[in-house]
Each structure stands twice: as structure tokens, then as C-alpha cells.
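Undergrad: In the order they appear, the protein sequences are chains A and B.
So in this note's numbering, the last one in the first sequence is 241, and the numbering has no gaps at all.
So in this note's numbering, the last one in the second sequence is 482, and the numbering has no gaps at all.
Ideal Cβ positions, reconstructed from N, Cα and C, are used throughout, including at glycine.
There are 2 protein chains.
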Amino acid sequence: MMKVLIVEDDPLHRSYLNEAVRAALPECDTVIEAENGGVGEKLARENKSAHIVMDLQMSPRNGIEAARTIWKERPDTRILFWSNYADEAYVRGISRIVPEGAAYGYVLKSASDDRLRLALRSIFIESQCVIDREVRGLQQKSLGHANGFTDSEYEILVDIALGLTDRAIARRRNLSLRSVQNRLQQLYEKLEVYQPVGEDSEEGRFNLRARAVTVAFLRKLLNYSSLERAEAELSEWLQAR
Amino acid sequence: MMKVLIVEDDPLHRSYLNEAVRAALPECDTVIEAENGGVGEKLARENKSAHIVMDLQMSPRNGIEAARTIWKERPDTRILFWSNYADEAYVRGISRIVPEGAAYGYVLKSASDDRLRLALRSIFIESQCVIDREVRGLQQKSLGHANGFTDSEYEILVDIALGLTDRAIARRRNLSLRSVQNRLQQLYEKLEVYQPVGEDSEEGRFNLRARAVTVAFLRKLLNYSSLERAEAELSEWLQAR
DNA sequence: AGATTTTGTGCGGGTTCCCGCAAGTTGCGT
DNA sequence: ACGCAACTTGCGGGAACCCGCACAAAATCT
Numbered sequence: 001m002m003k004v005l006i007v008e009d010d011p012l013h014r015s016y017l018n019e020a021v022r023a024a025l026p027e028c029d030t031v032i033e034a035e036n037g038g039v040g041e042k043l044a045r046e047n048k049s050a051h052i053v054m055d056l057q058m059s060p061r062n063g064i065e066a067a068r069t070i071w072k073e074r075p076d077t078r079i080l081f082w083s084n085y086a087d088e089a090y091v092r093g094i095s096r097i098v099p100e101g102a103a104y105g106y107v108l109k110s111a112s113d114d115r116l117r118l119a120l121r122s123i124f125i126e127s128q129c130v131i132d133r134e135v136r137g138l139q140q141k142s143l144g145h146a147n148g149f150t151d152s153e154y155e156i157l158v159d160i161a162l163g164l165t166d167r168a169i170a171r172r173r174n175l176s177l178r179s180v181q182n183r184l185q186q187l188y189e190k191l192e193v194y195q196p197v198g199e200d201s202e203e204g205r206f207n208l209r210a211r212a213v214t215v216a217f218l219r220k221l222l223n224y225s226s227l228e229r230a231e232a233e234l235s236e237w238l239q240a241r
Numbered sequence: 242m243m244k245v246l247i248v249e250d251d252p253l254h255r256s257y258l259n260e261a262v263r264a265a266l267p268e269c270d271t272v273i274e275a276e277n278g279g280v281g282e283k284l285a286r287e288n289k290s291a292h293i294v295m296d297l298q299m300s301p302r303n304g305i306e307a308a309r310t311i312w313k314e315r316p317d318t319r320i321l322f323w324s325n326y327a328d329e330a331y332v333r334g335i336s337r338i339v340p341e342g343a344a345y346g347y348v349l350k351s352a353s354d355d356r357l358r359l360a361l362r363s364i365f366i367e368s369q370c371v372i373d374r375e376v377r378g379l380q381q382k383s384l385g386h387a388n389g390f391t392d393s394e395y396e397i398l399v400d401i402a403l404g405l406t407d408r409a410i411a412r413r414r415n416l417s418l419r420s421v422q423n424r425l426q427q428l429y430e431k432l433e434v435y436q437p438v439g440e441d442s443e444e445g446r447f448n449l450r451a452r453a454v455t456v457a458f459l460r461k462l463l464n465y466s467s468l469e470r471a472e473a474e475l476s477e478w479l480q481a482r
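1. Less than 8 Å between CB atoms is the rule here; does Gly278(B) satisfy it with respect to chain A?
2. In this structure, how does DSSP classify Ile372(B) when only helix, strand and coil are distinguished?
3. Quick test of the definition: if touching needs 3 or more C-beta pairs under 8 Å, does the stretch 83-91 of chain A touch the stretch 103-118 of chain A?
4. Strictly below 7 Å CB to CB, what residues from chain B border Leu12(A)?
5. With 8 Å set as the bound, which would you pick, yes or no: does the beta-carbon of Thr406(B) sit closer than that to a beta-carbon of chain A?
6. Given that Glu341(B) touches chain A, what residues does it touch there, using C-beta distances under 7 Å?
7. Are the stretch 456-464 of chain B and the stretch 395-404 of chain B touching by the rule of at least three beta carbon pairs closer than 8 Å?
8. Any beta carbon of chain B sitting closer than 8 Å to that of Glu192(A)?
9. So Ile156(A) contacts chain B; which residues on that side make the cut at Cβ distance below 9 Å?
10. Pull the bridge partners of Val107(A) from the DSSP assignment, please.
11. How would you write the range of the alpha helix (DSSP H) that Glu88(A) sits in, first residue to last?
12. Against chain A, with Cβ distances strictly below 8 Å, would Glu329(B) count as a contact?
13. With C-beta atoms as the reference, is Leu418(B) less than 8 Å away from Ala411(B)?
14. Look at Arg333(B) and Ala264(B) and say whether their C-beta atoms are less than 8 Å apart.
15. Between which two residues does the alpha helix (DSSP H) harbouring Glu33(A) extend?
16. Any Cβ of chain B within less than 8 Å of the Cβ of Arg133(A)?
17. Less than 8 Å between the beta carbons of Ile52(A) and Arg78(A), yes or no?
18. Tell me which residues share the same chain as Asn223(A) and place their Cβ nearer than 6 Å to its Cβ, disregarding the 5 neighbours each side in the sequence.
19. What whole-angstrom Cβ distance do Asn277(B) and Lys244(B) have, given they're in contact under 8 Å?
20. In chain B, what lies closer than 7 Å to Arg205(A) by C-beta?
21. Can you look up Leu164(A) in the DSSP assignment and give me helix, strand or coil?
22. Entirely within the stretch 244-302 of chain B and at least 4 residues each: give me those alpha helix (DSSP H) ranges in chain order.
23. May I have the straight-line CA-CA distance separating Pro99(A) from Lys72(A), to the nearest angstrom?
24. Taking all protein chains shown into account, decide if Pro75(A) is buried (16 or more other Cβ within 10 angstroms of its Cβ) or exposed.
25. Starting from the beta carbon of Val454(B), find every residue of chain A whose beta carbon is closer than 9 Å, and list them in chain order.
26. Ignore the nearest five residues each way along the sequence and tell me which others in Val213(A)'s own chain have a CB closer than 8 Å to its CB.
27. Kindly list the residues whose CB is nearer than 8 Å to the CB of Ser225(A), restricted to its own chain and excluding five residues on each side of it in sequence; keep chain order.
28. Per DSSP, which one or two residues make a beta bridge with Phe206(A)?
29. Is it buried or exposed, Met54(A), if we count other Cβ atoms within 10 angstroms and call 16 or more buried?
30. How is the alpha helix (DSSP H) around Arg68(A) delimited, first residue to last?
31. If we ignore side chains and look at the alpha-carbon of each, how far apart do Ser256(B) and Gly378(B) end up?
32. Taking 7 Å as the limit between beta carbons, can you name the residues of its chain near Phe447(B), skipping five residues before and five after?
33. With distances taken between CB atoms, is the gap from Ile6(A) to Glu41(A) smaller than 8 Å?
34. Out of curiosity, what's the CA-to-CA distance linking Leu191(A) and Glu153(A)?
35. I need the straight-line Cα distance from Asp373(B) to His254(B), nearest angstrom please.
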């Protein structure tokens, strides 16, 4: 009747998920397991109607990459992301690839069994999106830009994190040099990095560009997997020139 | 007879460890559990003779921070680190704090039950160090500096990752400005970052300083927790001035 | 449509960074 | 002790970055 595909690298978590799925969805007769994104993509292709619950942070090929190719092939696939962390980097990565009107979910591993059960049923049966509170909070902030970052600011953040020069960024994004520097100013302001002008002796000065990247990391605006993705996109762009 | 303290934030992994410990060490009569580094420190203090197996990557207070304070109080405590990753950043972090002649271990979560059992017995009964192969490899490279980084290179890597200027680094490490820049040159060379001198048109130029940090991240020379620690040390130093 | 807020560009100058050249210092082996 | 390697420091210049001031273009509001 219903097939569910589990993509999760940790064996303990995988078997826990398996049990949870069977308990929450009696109408589900088959549960398939994959231990990383690559295998996950393959199994998703082979079992056309599979609904998916998967981890982010696997290797090789993490959950976001896998989701992107899966959704590209079948945009109506329902995916529940089940992750340890609610980094803004993940949230942005996902909301960038979720297809129009697709049903998906994001629940944290720290959630109760009940929350997980509810999410499974809502998404797979009711086609409703279920986003964990904490994750929800981040989404609001990003969009409402009360204290959040616009896409263009985020874009430039990624570019300096990759180590590009202003000039290179300008070429890549089709902007003038000055515009790039302008955006950098905005970014520095929002990240609250600046020279702590120790007026008398030269005080603990920061290299704003490098400092911004660090602060973004500490605030989980960036994380390893977002860097990895960005790096891949960059080298792709470098090929095409 | 013997007490073992488990410090691990994931409930599934925690109960798995609990079972593994009981199975591997019949001479152990009490197993205590803590769900983060802070609680771990407290329980270690209260149960003086406890042997410890713990995760890195917890919050608040990760395994390295917890180990440092525990070893500071009782340097003969035996600790087995049980982690998902073998980042060089972790390996360096640990080997910096392990006391003279202390017995400790580092096994990956992906290791077999048998490996874990063996490690538990070797460390807690025989007082022998047990380091997983992959982790071992990193240690060699760091020290033998065949392709590894000396401490001073690593130090300056951390400093630019924090976003300090050359001048600030010079003050912090008591060096001249030029020396700092010299070390940066070495670092760039070892990380293989350089200007891809596109002789005709200005080619994909990099800001070496920022690029070096990114490359270090992708190579797992740095990770979130190492940045976190470095940031704490920095603000401490800024206080003392 | 007109006003108001964004967002993109140009110019200019003060800093910081990247790095070649060269000389002094320290450490280590044989 | 001598020599060779590795590390530190100074000087100098060209490039890149940080950023204030000023003005066009585009998007948004009323």
C-alpha cells in the first residue's frame, strides 16, 4: 500500500526510525533503508512512490543534495527531514530547493516519539507541512528580516566565506565593484562586526571580512555542509567561466 | 567495584553505550549517565573513581572542554572518547589537553561492537591507550609534518580564522608584523592556496586569507567546536589585554 | 503619478594585506 | 667550532580592502 524510504547513516537511529514508522503508519507495508544520500537517491528512483524520511548530514552526499535530485525527478515526493540541528544554514538550504506546493517536514531528533509520530502522519497521510518550532523561528527571522538576512546578503556572505575577492564576486554576480563593497557593509552591520576603535592604542583590530565569516559560523548561519555545497557550485562556475 | 560514567547527549547512543559497557565489563557494578559536558563534569567530581566514556560534540560544554576540567582535577582519570568524526581539529584539541602518561582512547561510532568492547577493556582494565586507525593516521601526519602542520602554523591558522589582523596577531603572539606575515606564507603554501595567475584576464582571484580558512574547514583542520574554543580563549585574552 | 525608500555605481583616500629582497638570530648535526 | 637550515625582523611597493560622499535607477508606498 504505502512504501517508506529511510535515509540515515547512523544504524541506531535507522532502526529507531524503522520502528517509529511502522508504529505510526500501519498502512505502510514496506520500509526500505539507505545509509547515505547516494544510495537514498537510487532507492528513491527505483521505488517510485516512496515517501521519505531522512537525515541531513551524511556522507557521501548529504540530505540536502539527495533531496534536490529526488525532488527534481519527482517534485511531489514527500520528505520528512530528521536532523540533530536547526542551523539556519540547513533551513536556508532546504527552503531553496523545496518545489512549489510540495509537502515536507523538519523535525529535530530531540523531539518526542509523539511529535515524530504526528509529523509522519501529517506529512505522509495529510500532505501537510510540519516544521518544528525552533526551525520555524529561523524561517520567520530570515524572511521578516527583523534581525535576519536577505538573500543577497546571504549570497555575499557565502562568497566571502569561499575566499573570493571583491572583484571576483562582482564578476560572478554581475555587479560593479562598489556594489559588492556596499553589500559587504550591510553584512558587517548586521553581523555586528566592526573595528572596536580603541582610540588611543591600536586596539584588538579585526579583519572584518574574515571576522564576518567566523561570526556567521558561530551563529550557525554557515556550517560545513553549506560550505561544501557552495564550494561545489563555485568550481562548477569556474569551469563554465 | 568499578564505576563507569557515560557522557553522551543522544539517548539512543547513551543506552547503547550502557549495554556495551555492562557486557564488556562484568566487573563494573555501577553505570552513571550524563547528557552533556556540564553534567558530566559534576558527576565525575562526585564519583571520584569513575572511568569515563564520552562523546565529543555536545552542548552546552562539549567533550573536550569537559575532559579538560576533569583531567585538571584528577589527571589519572581514564577517558574513552567516542565520536562520529575523526576531524584533525578534534585530535589536536585532545592531544593538547591529555595529561602526562594518562590512559585514554578514541574510537569512532562507526566501529564494530567488538572494537568498542576491546577498547573498553584495554583502557579501563589494562590502562592502555587505544586510538582508532583513522585517528592515528592524523596524529602521525600532524607530528611528522610530512604533509602536516606544525603547532605554530596551526596557531596562526586559528588566529586568522578568528578574524584578527596581522597586527593583532603579532601583539597576541609576541611577534613582529613581518613574522606573522611570513607564517601566513607558509600556511598558504601548505594549504595550497595561491592566486591562479590567470595571466591574461583577471582570473578567479582569491583572497588568500579568507580562502585559507575555508580550505582548512573543508579539510577538517578546523571545525565548529575548535572555533568555539578559540573564540573563548580570544575573548579571555582580550579581557586581560 | 509622485514621493519615498531601497539598491546599484563612481570617485578618492587611508589601511591592511601580499610578498620579494636582504640581513640578523637561533638551533642542530657531524 | 663550523656550517647549514630554519626562523625572525626590517623595508618597500603594488594590490586589495574599508568606507564616506554623492548621484542615478529601480522598486514600493500612498
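TA: This is what the structure gives:
1. The residue labelled residue 278(B) in the question sits at position 37 within the second sequence. Cβ-Cβ to chain A under 8 Å: no for Gly278(B).
2. Counting from one through the second sequence, the residue named residue 372(B) turns up at place 131. Strand.
3. yes
4. Translated into positions along the first sequence, residue 12(A) becomes position 12. In chain order: Leu253, His254 and Tyr257.
5. Stepping through the second sequence from its first residue, residue 406(B) is reached at position 165. Chain A contact via Cβ: present.
6. To locate residue 341(B), count along the second sequence from 1; it is residue 100. Neighbours of Glu341(B) on chain A: none; closest Cβ ~33 Å, over 7 Å.
7. yes
8. Residue 192(A) sits at position 192 when you count from the first residue of the first sequence. It does not; no Cβ of chain B falls within 8 Å.
9. Taking the first sequence and counting its residues from 1, the one referred to as residue 156(A) is at position 156. Within 9 Å Cβ-Cβ: nothing; Ile156(A) doesn't reach chain B, min ~12 Å.
10. Your numbering for residue 107(A) matches position 107 in the first sequence. Answer by DSSP bridge pairing, in chain order: Trp82(A).
11. Numbered from 1 along the first sequence, position 88 holds the residue referred to as residue 88(A). Note, Glu88(A): alpha helix (DSSP H), Glu88 to Ile97.
12. Here residue 329(B) is taken as the residue at index 88 of the second sequence, counted from 1. No, Glu329(B) does not count as interfacial toward chain A.
13. Looking up residue 418(B) in the second sequence gives position 177. Looking up residue 411(B) in the second sequence gives position 170. Contact: yes.
14. For the purposes of this step, residue 333(B) is taken as residue 92 along the second sequence, with counting starting at 1. For the purposes of this step, residue 264(B) is taken as residue 23 along the second sequence, with counting starting at 1. No, Cβ-Cβ distance for Arg333(B) and Ala264(B) is not below 8 Å.
15. Locating residue 33(A) in the first sequence gives position 33, counting from the first residue. Where Glu33(A) is concerned, there is no enclosing alpha helix (DSSP H), although the beta strand (DSSP E) it sits in stretches over Cys28 to Ala34.
16. Against the first sequence, residue 133(A) aligns to sequence position 133. So no, Arg133(A) is outside the interface.
17. The residue given as residue 52(A) occupies position 52 in the first sequence. The residue given as residue 78(A) occupies position 78 in the first sequence. When the beta-carbon positions are compared, Ile52(A) and Arg78(A) come within less than 8 Å of each other.
18. For the purposes of this step, residue 223(A) is taken as the residue at position 223 of the first sequence. Contacts found: Asp87 and Ala89.
19. If you number the second sequence from 1, residue 277(B) lands on position 36. If you number the second sequence from 1, residue 244(B) lands on position 3. That belief does not hold up - the Cβ atoms of Asn277(B) and Lys244(B) are roughly 19 Å apart, past 8 Å.
20. Numbered from 1 along the first sequence, position 205 holds the residue referred to as residue 205(A). Near Arg205(A) (Cβ distances below 7 Å), the residues of chain B are Thr406, Arg408 and Ala409.
21. Start at 1 with the first residue of the first sequence, and residue 164(A) comes out as number 164. If DSSP states are grouped into helix, strand and coil, Leu164(A) belongs with the strands.
22. 252-265 and 278-287
23. For this step, residue 99(A) is matched to residue 99 along the first sequence. For this step, residue 72(A) is matched to residue 72 along the first sequence. Taking the straight line from one Cα to the other gives about 8 Å.
24. Here the question's residue 75(A) lines up with position 75 in the first sequence. Its Cβ having fewer than 16 others within 10 Å, Pro75(A) is exposed.
25. Taking the second sequence and counting its residues from 1, one reaches residue 454(B) at position 213. Correct list: Ala161, Gly163, Ala210, Val213 and Thr214.
26. If you number the first sequence from 1, residue 213(A) lands on position 213. Leu157, Ile160, Ala161 and Leu222.
27. By 1-based counting over the first sequence, the position of residue 225(A) is 225. So the qualifying residues of the chain are Leu56, Gln57, Asn62, Ile64, Ala89, Tyr90 and Gly93.
28. As a first step, residue 206(A) is located in the first sequence; it is residue number 206 there, counting from the start. Partner(s): Leu405(B).
29. The sequence position of residue 54(A) within the first sequence is 54, counting from 1. Answer is buried; the Cβ neighbour count reaches 16.
30. In the first sequence, counting from the first residue as 1, residue 68(A) sits at position 68. Element bounds for Arg68(A): Gly63 to Glu73.
31. By one-based count along the second sequence, residue 256(B) stands at place 15. By one-based count along the second sequence, residue 378(B) stands at place 137. Answer to the nearest angstrom: the Cα atoms are 30 Å apart.
32. On the second sequence, position 206 is the one that residue 447(B) refers to. These residues qualify, in order along the chain: Val434 and Gln436.
33. Taking the first sequence and counting its residues from 1, one reaches residue 6(A) at position 6. Taking the first sequence and counting its residues from 1, one reaches residue 41(A) at position 41. Cβ distance not < 8 Å, so Ile6(A) and Glu41(A) don't count as in contact.
34. Position 191 of the first sequence holds residue 191(A). Position 153 of the first sequence holds residue 153(A). Looking at the two C-alpha atoms, the distance is approximately 11 Å.
35. For the purposes of this step, residue 373(B) is taken as the residue at position 132 of the second sequence. For the purposes of this step, residue 254(B) is taken as the residue at position 13 of the second sequence. Between Asp373(B) and His254(B), the C-alpha separation is close to 19 Å.
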